[in-house]
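Chemist: Below you will find the structure I want to go over with you.
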Amino acid sequence: MDPKAFFKLNYGVYIVSSSADGKDGGCVINTMAQVTSSPARLSIALNKNNYTLKLIETSGTFSGVVLSEDVEMEQIKRFGFQSGKNVDKYDGIPQGRDSLSNPYPIEGVCARFACRVISTLDVGTHVIVIGEVVEAEVMDSASPSLTYANYHVKKNGTTPPNAPSYQENTEKAAGYRCTVCGYILESDTLPDDFICPVCGKDASYFVKL
Numbered sequence: 092m093d094p095k096a097f098f099k100l101n102y103g104v105y106i107v108s109s110s111a112d113g114k115d116g117g118c119v120i121n122t123m124a125q126v127t128s129s130p131a132r133l134s135i136a137l138n139k140n141n142y143t144l145k146l147i148e149t150s151g152t153f154s155g156v157v158l159s160e161d162v163e164m165e166q167i168k169r170f171g172f173q174s175g176k177n178v179d180k181y182d183g184i185p186q187g188r189d190s191l192s193n194p195y196p197i198e199g200v201c202a203r204f205a206c207r208v209i210s211t212l213d214v215g216t217h218v219i220v221i222g223e224v225v226e227a228e229v230m231d232s233a234s235p236s237l238t239y240a241n242y243h244v245k246k247n248g249t250t251p252p253n254a255p256s257y258q259e260n261t262e263k264a265a266g267y268r269c270t271v272c273g274y275i276l277e278s279d280t281l282p283d284d285f286i287c288p289v290c291g292k293d294a295s296y297f298v299k300l
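Structure, rendered in structure tokens:
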């Protein structure tokens, strides 16, 4: 089986969030999709290790936003490359709150949805969540949505290990790999002052390939 075949599937880039027991959380996914139009329902897939999934399971609701091509990489790093168990991802950023009491970012966003969970499906490493849409709003009609392909090409983005589309690199490469986000520096040497361009970690977080 050629894992590169999966790279031909087209995805968007989204942030899903939820709030439970006084805590807000959210994460970046590329697996939000409309499954029916009447009633309007969305599906998302989250790794079982994601703190956001625990919040969704507790609250029974979630918000989902479609990221635009104008979104800052700092926002993707905030929601995609650190755990809500350790940090408050919504601390200090512009945000809204939907009718189900879930937060959502408002910058770099094309559209938003508020959903009530109606079913879940365990698919091994991930859980598929089906939500009935109770709110939908266009936030920015001028900016195109960020595709997963453009996330990699235009923004030099990498895939977090918890993502459904994550593929472990089995090809031999010369260089150093960031143990936080997986970014690979193709170089024979690693400068002491090197900073990861994706997650911002210093050289101490890199391992030689």
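In the working numbering, the protein residues as written are 92 to 300.
Even glycine gets a Cβ: it sits at the ideal position worked out from N, Cα and C.
Got a sec, what are the start and stop residues for the alpha helix (DSSP H) Thr149 sits in?
Modeler: From DSSP, the alpha helix (DSSP H) with Thr149 extends over 142-150.
Chemist: If you draw a straight line from the C-alpha of Asn241 to the C-alpha of Phe170, how long is it?
Modeler: Rounded to whole angstroms, Asn241 to Phe170 spans 18 Å at the Cα level.
Chemist: Rank Thr127, Val214, Val156, Thr216 by C-alpha distance to the C-alpha of Gly187 and give the top, closest one.
Modeler: Answer by Cα proximity: Val156.
Chemist: Can Ile120 and Tyr105 be called in contact, C-beta distance under 7 Å?
Modeler: Going by C-beta atoms, Ile120 is nearer than 7 Å to Tyr105.
Chemist: Give the DSSP-derived three-state secondary structure of Ala96 in the structure shown.
Modeler: Helix at Ala96.
Chemist: With distances taken between CB atoms, is the gap from Ala124 to Ser134 smaller than 7 Å?
Modeler: Cβ atoms of Ala124 and Ser134: closer than 7 Å.
Chemist: Are at least three pairs of beta-carbons, each pair with one atom in the region 172-179 and one in the region 197-212, less than 8 Å apart?
Modeler: Touching, no, given that fewer than three Cβ pairs across the two stretches are closer than 8 Å.
Chemist: For Val229, count neighbouring Cβ atoms within 10 angstroms of its own Cβ and tell me buried if that reaches 16, exposed if not.
Modeler: So Val229 counts as exposed.
Chemist: For the candidate residues Phe153, Asp93, Ser278, whose alpha-carbon lies nearest to that of Ile219?
Modeler: If we check each option's Cα against that of Ile219, Phe153 comes out closest.
Chemist: Looking at C-alpha atoms only, which residue of Thr211, Pro196, Ile221, Arg268 is the closest neighbour of Val126?
Modeler: Of the listed residues, the one whose Cα sits closest to Val126 is Ile221.
Chemist: State the beta-bridge partners of Gln125 as determined by DSSP.
Modeler: Beta-bridge pairing links Gln125 to Leu133.
Chemist: Can you list, in chain order, the residues of its chain with a C-beta nearer than 8 Å to that of Val224? Leave out the 5 residues immediately preceding and following it.
Modeler: Hits under 8 Å: Pro130, Ala131, Arg132, Leu133, Phe204, Ala205, Cys206.
Chemist: Start and end of the alpha helix (DSSP H) containing Glu165?
Modeler: First-last of the alpha helix (DSSP H) with Glu165: 164-171.
Chemist: Is it a yes or a no for the region 189-197 touching the region 232-239, going by three-plus beta-carbon pairs under 8 Å?
Modeler: Result no; under three Cβ-Cβ pairs closer than 8 Å.
Chemist: Only counting the same chain, and skipping five residues up and downstream in sequence, which positions put a Cβ closer than 7 Å to that of Ile286?
Modeler: So the list reads Asp293, once near-sequence residues are dropped.
Chemist: Where does Asp284 land, buried or exposed, given buried means 16+ other C-beta within 10 angstroms?
Modeler: Result: exposed.
Chemist: Check Gly210 in the structure and name its three-state DSSP category.
Modeler: Gly is not the amino acid found at residue 210; the sequence shown has Ser there. Strand, per DSSP.
Chemist: Given Ser110, which residues of its chain have a CB within under 7 Å of its CB, disregarding the five upstream and five downstream residues?
Modeler: Taken in chain order, the residues that qualify are Leu146, Ser150, Ser192, Asn193, Pro194.
Chemist: Using only alpha-carbon positions, find the residue among Gln166, Thr211, Gly113 that is nearest to Gly183.
Modeler: Here the closest residue by C-alpha is Gln166.
Chemist: For Gly215, count the other beta carbons within 10 Å of its own beta carbon; 16 or more makes it buried, fewer makes it exposed. Which is it?
Modeler: By the 10 Å Cβ count, Gly215 comes out exposed.
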